[in-house]
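Undergrad: Following our numbering, the numbering of the sequence shown begins with 3 at its first residue and continues without gaps.
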Amino acid sequence: MGKKIKPTGELKPSPTLERQAKQIQIEQKIEENMAKIHHKIAVISGKGGVGKTTIAANLALFLASKNETVGVLDVDITGPNMAKILGISDRPEIDPLDQSIIPVKGPLNTSVMSMAFLLDSDQTPVIWRGPMKMSIIREFLGSVAWGTLEYLIVDLPPGTGDETLDIMQLIKNLDGVIVVTTSQDMSLISVSKTISMAMKMDVKVLGVIENMSSYRCPNCGQDSHIFGKEGAAEALAGQFQVPFLGSVPLDPIGMQYGCSENAQGQGTAKAAFESIFENIYVKLQGTS
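Next up, the structure:
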């Protein structure tokens with residue numbers, strides 16, 4: 003008969019169970035954090051370069067100008083630009099009591115969190131696969147001390163990938179998404195997929211914004227639709243039976259300075275922004 007093998011020590015903890023326990027814990031923190039925020043809005047697009055981050059940043063500052071408490075979360079992990087547009091470069095701090103991440107203070111006392119704050123420089127690439135991006139998104143939602151806010155504006159990367167899926171699944175009671183596009187055929191095709199994704203995920207589409215709709219010649223004053231056909235974005239919104247929120251003209255001042263103090267009170271896009279955002283604000287106030 004063979005010798006019996008006697009146990010030589012305690013059973014080692016299961017790495018799988020530890021990962022599951024940690025995931026449950028962070029999801030509980032996310033739920034607790036998001037419950038303290040009244041309105042959660044994601045700004046999305048199917049295509050990059052349409053000015054989605056500019057729209058998200060200006061929406062956040064518009065709401066903050068109404069004396070609302072506003073948080074801004076940049077979920078574009080590999081191409082974070084929100085910090086640059088808002089003109090901030092500080093690093094987040096860690097609360098010594100609970101080890102939570104304290105978001106950086108931006109213009110008009112907004113609370114901002116972005117991957118850009120964690121990088122060595124603007125030229126540092128983030129070379130991550132999906133699981134790592136999903137992990138940091140959960141940290142941004144659950145480990146950042148957002149506190150009690152009236153609004154959280156989430157700036158998503160273009161497309162229908164992991165980040166967009168994560169936000170739609172993790173943020174309970176998401177008010178909805180604002181979709182940004184230009185009137186180019188390639189943009190409209192990509193954006194239609196994003197709208198379809200939101201509908202399949204049962205996430206409300208608050209509306210479509212057409213950015214860079216036209217350019218006014220400074221010499222002759224004539225408007226030109228250089229990025230596509232006039233009315234194409236509104237037609238797309240009608241096709242999906244979602245609100246068309248309005249058009250924002252191409253503004254060289256806004257493109258150059260973003261949301262910095264240099265752009266305040268200047269540029270042809272300012273009036274368009276304010277009209278669109280006021281409409282969004284009134285509708286959300288009606289759901290309070």
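We treat Cβ as the ideally placed atom computed from N, Cα and C, and that holds for glycine.
Leaving out five residues on either side along the sequence, give the residues of the same chain with a beta carbon under 8 Å from the beta carbon of Ile79.
TA: Here the set comprises Met117, Val128, Trp130, Lys135, Ile138, Ile139, Pro159 and Glu165.
Undergrad: Chain D beta carbons: is any one of them nearer than 7 Å to that of Glu152?
TA: Although the question refers to chain D, the structure presented lacks it and comprises just one protein chain.
Undergrad: Residue range of the alpha helix (DSSP H) that Gly144 falls in?
TA: First-last of the alpha helix (DSSP H) with Gly144: Gly132 to Gly144.
Undergrad: What residue ranges within the region 27-111 form continuous alpha helix (DSSP H) runs of no fewer than 4 residues, ordered along the chain?
TA: If we require 4 residues or more, the alpha helix (DSSP H) runs fully inside the region 27-111 come out as 54-67 and 84-88.
Undergrad: What does the alpha-carbon distance come out to for the pair Gly260 and Ile90?
TA: With a pLDDT of 49 at Gly260, under the threshold of 50, the predicted position of this residue should be treated as unreliable, though the coordinate-derived value follows. Answer to the nearest angstrom: the Cα atoms are 12 Å apart.
Undergrad: Please classify Asn264: does DSSP put it in a helix, a strand, or coil?
TA: Unreliable positioning characterises Asn264 in this predicted model, as indicated by a pLDDT of 39, which lies under 50. A coordinate reading is not provided.
Undergrad: Along the chain, where does the alpha helix (DSSP H) that runs through Phe119 open and close?
TA: Premise fails: Phe119 is in no alpha helix (DSSP H) and is neither H nor E.
Undergrad: When you compare only the Cα positions, how much space is there between Val207 and Ile39?
TA: Whole-angstrom Cα-Cα distance: 19 Å.
Undergrad: Only counting the same chain, and skipping five residues up and downstream in sequence, which positions put a Cβ closer than 6 Å to that of Phe246?
TA: The residues are Val210, Glu236 and Ala239.
Undergrad: Which value, in whole angstroms, describes the spacing of the CA atoms of Leu154 and His227?
TA: Roughly 33 Å separates the two Cα atoms.
Undergrad: Can you tell which of Gly144, Ser123 and Arg93 has the C-alpha that lies nearest to the C-alpha of Lys174?
TA: Closest by alpha carbon: Gly144.
Undergrad: Whose C-alpha, out of Met115, Val193, Ala66 and Gly288, is nearest the C-alpha of Met84?
TA: Among Met115, Val193, Ala66 and Gly288, the Cα nearest to that of Met84 belongs to Met115.
Undergrad: Across which residues does DSSP place Glu212 in a beta bridge pair?
TA: Answer is Thr183 and Ser249.
Undergrad: Would you mind giving the Cβ-Cβ distance between Val156 and Leu75, rounded to the nearest angstrom? I have them listed as a contact below 8 Å.
TA: Their Cβ separation, rounded to whole angstroms, is 5 Å, which keeps Val156 and Leu75 in contact under 8 Å.
Undergrad: Could you give the DSSP three-state label for Val207: helix, strand or coil?
TA: Three-state DSSP puts Val207 in a strand.
Undergrad: Roughly how far, in whole angstroms, is the beta-carbon of Ser47 from the beta-carbon of Val182, given that I think they are within contact range, below 8 Å?
TA: Right, the Cβ-Cβ distance comes to about 5 Å (below 8 Å), so this counts as a contact.
Undergrad: Taking DSSP as the reference, what is the three-state secondary structure of Ile155?
TA: Reduced to three states, the DSSP call for Ile155 is strand.
Undergrad: Excluding the 5 residues flanking Gly267 on each side, which residues of the same chain have their C-beta closer than 6 Å to its C-beta?
TA: Confidence at Gly267 is low in this model, with a pLDDT of 42, below 50, so its placement is unreliable and the value that follows should be read with caution. Correct list: empty, nothing qualifies.
Undergrad: Please state the DSSP three-state secondary structure of Val128.
TA: Val128 falls in the coil class under three-state DSSP.
Undergrad: In the DSSP assignment, find the beta strand (DSSP E) that holds Val114 and state where it starts and stops.
TA: Its beta strand (DSSP E) spans residues Ser113 to Met115.
Undergrad: Give the secondary structure of Gly310 by DSSP, where H, G and I count as helix, E and B as strand, and everything else as coil.
TA: There is no way to answer for residue 310, as the model of the chain reaches only from 3 to 290.
Undergrad: Among residues of its own chain, excluding the 5 on either side of Asp168, which ones have a beta-carbon nearer than 6 Å to its beta-carbon?
TA: Cβ within range, chain order: Met136 and Ile139.
Undergrad: State the Cα-Cα distance for the pair Asp187 and Asn35, rounded to the nearest angstrom.
TA: One C-alpha to the other measures close to 39 Å.
Undergrad: Rounded to whole angstroms, what is the Cα-Cα separation between Gln101 and Thr162?
TA: Each residue's Cα considered, the two are about 32 Å apart.
Undergrad: Below 7 Å between beta carbons: does that hold for Thr184 and Val52?
TA: Result yes, Cβ atoms of Thr184 and Val52 sit closer than 7 Å.
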